[in-house]
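Reviewing the structure listed below.
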Amino acid sequence: MVSTRSSTSTLVTKDENRIVAVVTGANSGYGLGICQMLLRCLSLPPGEPLPESAPQLSAMPPFLRHLYPGKESKLQPGPPPTLTLVIVCRKSVDAEATKKTVLAEHYKDLEKRKRKGKPVREGWRDGLKIQLETCDFSLMGGKNGILQLCQRLNRTLPHITSLFLNAGMAAFSGVDYFHAFRQIWRDGLAYAFSHPEFMVEIPGLCTDDGRGMVWSVNTLAPYTMTTELMPLLRRSPSSLPFSPRVMYTSSGTATFQHLPSNPLDDYQLIEYPRSYSPSKYMCDLIFCQLDKTYGDEIDTGREVRCFVADPGAMTTGITRGGFGPFMLVQEILFGLTWLAFYLARLGGSPWHSMYPTEGVRPLLYAAFVDPLYLPSANKIPSPKFLIHASRWGRTTVDFSEVDSWVETEEIGVGLVERCEQIRLEWRRREGIE
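Quick note on numbering: the sequence shown equals residues 0 to 432 in numbering that gives the first Met the number 0.
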């Protein structure tokens, strides 16, 4: 793998006591939930345990469970770290709306803490910074493309502590109701509505330069951002309570069975009738390779772990987009789907997190838990953390592995090579090399 040289400006002021979190796809759904939970967790006063960092027995591989119970990470006494939250959306109007929503909810939460007599951290609001960025993740080049976004971040940020790669897309055009009822009959409501096989997808959707659109957003973009921003991640100060990590929002349908029979022949999924699940799974395999490469401090000089997480099933903008072009039909089916999800959870489904602030718990756990409770990258690369919901809404985190990652090692290596070729070609086009 070719390393990326840093383009960080010497004018950026170092800030050794600042956590920097970048969230893509932040305007709704899980991206918005990540932003809300980051502010909620990191605004706790010094010495207060962070619940999201508490080791969970179910989230550990069997060979590490003897270490349980552990303790939550704490923001150390003394000047606690401040936060820079970088919100990345496709449009500036979405980024502005996200900032407004996140701050409004956060200030309500702070006031609620005061009313309950809970300590409120002094100086938190003064130290909080929110940086807005825009990017169309189907574009590699151009002002609103991925490479220029990474160049801007390299110029404006001192480092990155947590990189949440949540932006994604699906080319859903509708529902095959016959197959929907058949899957519900065969697999049950809970499984069918968390691992659907009945969504109709638009095949052959391409970017202007001929790349597979869904593959570009769900697979190439996360690889490119991780590689381009690795210098910033490696510069995250070791004095911070959390080590630098990359978290990718995967899917419960990201499994080996969804790959084409010869995945490297049509790796951009242009001719394949389905693109969402295989593109997500391809990125899971890529993250196994990235974790092997960057998760070993002996080889890289600074360990940067790369994880994947499945936040479970929740009605999102992608869900709404799969109900066809008519707004009224979308709203009716969206409401019915939400009701079906809720009934599935009441029926015992562990996959239906329902709410974004609950579904993002595996992502935050991957970002915050102490390295002691994680398998090393050379033993289990890129472990996959899953949501586990109870029927009454309490959510925990389960440990898992990327499906068939051992058997698909060569596919993962091949995908990395192809993504790297595209990245380097676009760096030359943009005049970065």
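Ideal Cβ placement from N, Cα and C applies to all residues, glycine included.
query: Coarse secondary structure for Arg344, derived from DSSP in three states; result: helix
query: Helix, strand or coil at Gln267 according to DSSP, with G and I counted as helix; result: coil
query: Meets three-Cβ-pair contact criterion under 8 Å: the segment 222 to 234 and the segment 146 to 164; result: yes
query: For Ala388, the residue or residues it bridges with in DSSP; result: Thr394
query: For Ile379, three-class secondary structure by DSSP; result: coil
query: Proximal residues to Tyr271 (C-beta, below 6 Å), its chain only, five neighbours per side dropped; result: Pro259, Asp265
query: Alpha helix (DSSP H) runs wholly inside the segment 140 to 171, at least 4 long, in chain order; result: 145 to 155
query: Sequence-distant residues of its chain with Cβ nearer than 6 Å to Gly203 (five each side left out); result: Ile269
query: Continuous beta strand (DSSP E) stretch holding Arg428: start and end; result: From DSSP, Arg428 is part of no beta strand (DSSP E) but of the alpha helix (DSSP H) over 408 to 428.
query: For Phe306: DSSP bridge partner residues; result: Met246
query: Meets three-Cβ-pair contact criterion under 8 Å: the segment 127 to 147 and the segment 85 to 92; result: yes
query: Cut-off 8 Å between Cβ atoms - residues of its own chain near His443, not counting five sequence neighbours on either side; result: Residue 443 is absent from the model: the chain starts at 0 and stops at 432.
query: Ala339 versus Trp425 - alpha carbon distance; result: 44 Å
query: Reference Glu104, options Ile421, Met36, Gly122, closest by Cα; result: Met36
query: Cβ shell of Ala96 (< 8 Å), same chain only, five flanking positions each side left out; result: Asn26
query: Bounding residues of the beta strand (DSSP E) (the contiguous stretch that carries Cys88); result: 81 to 88
query: Buried versus exposed call for Ser238 [16 or more other C-beta atoms within 10 Å across all chains shown]; result: exposed
query: Thr206 - DSSP class collapsed to helix/strand/coil; result: coil
query: Buried/exposed call for Leu289, threshold 16 Cβ in 10 Å; result: buried
query: First through last residue of the beta strand (DSSP E) which encompasses Val19; result: 17 to 23
query: Stretch-stretch touch, CB-based, cutoff 8 Å, three pairs: the segment 104 to 119 with the segment 149 to 164; result: no
query: Cutoff 8 Å; reference Val11; Cβ partners in own chain excluding five residues on either side; result: Arg154, Thr155, Leu156, Pro157
query: 8 Å Cβ cutoff met for Phe398 and Phe384; result: yes
query: Identity of the residues DSSP links to Gln130 by a beta bridge; result: Val85
query: Pro349 and Tyr29 closer than 8 Å at C-beta; result: no
query: 7 Å CB neighbourhood of Ala365 in its chain, flanking five on each side removed; result: Arg244, Met246, Phe306, Ala308, Phe384
query: 8 Å contact criterion, which Met139 and Val213 should meet: CB distance rounded; result: Contact flag wrong, Cβ pair sits at about 15 Å.
query: Minimum C-alpha distance to Gly294 - residue among Arg233, Pro60, Ser57; result: Arg233
query: Where the alpha helix (DSSP H) containing Met36 begins and where it ends; result: 28 to 41
query: Among Glu15, Leu335, Phe241, Arg210, the one whose alpha carbon lies nearest that of Val303; result: Phe241
query: Bridge partner(s) assigned by DSSP for Ser399; result: Lys383
query: Assigned exposure category for Glu15 - 16 Cβ within 10 Å defines buried; result: exposed
query: Thr100 versus Leu284: straight-line alpha-carbon distance, rounded; result: 34 Å
query: DSSP three-state assignment for Ser6, whether helix, strand or coil; result: Low confidence applies here, because Ser6 scores a pLDDT of 44, under 50, leaving its location unreliable; read the following figure in that light. Coil, per DSSP.
query: Proximity test, Leu423 beta-carbon vs the ligand NAP heavy atom, cut-off 7 Å; result: Among the components of this structure there are no ligands whatsoever, and the ligand NAP is therefore not found.
query: Inter-residue spacing [alpha-carbon to alpha-carbon] between Ala179 and Arg390; result: 23 Å
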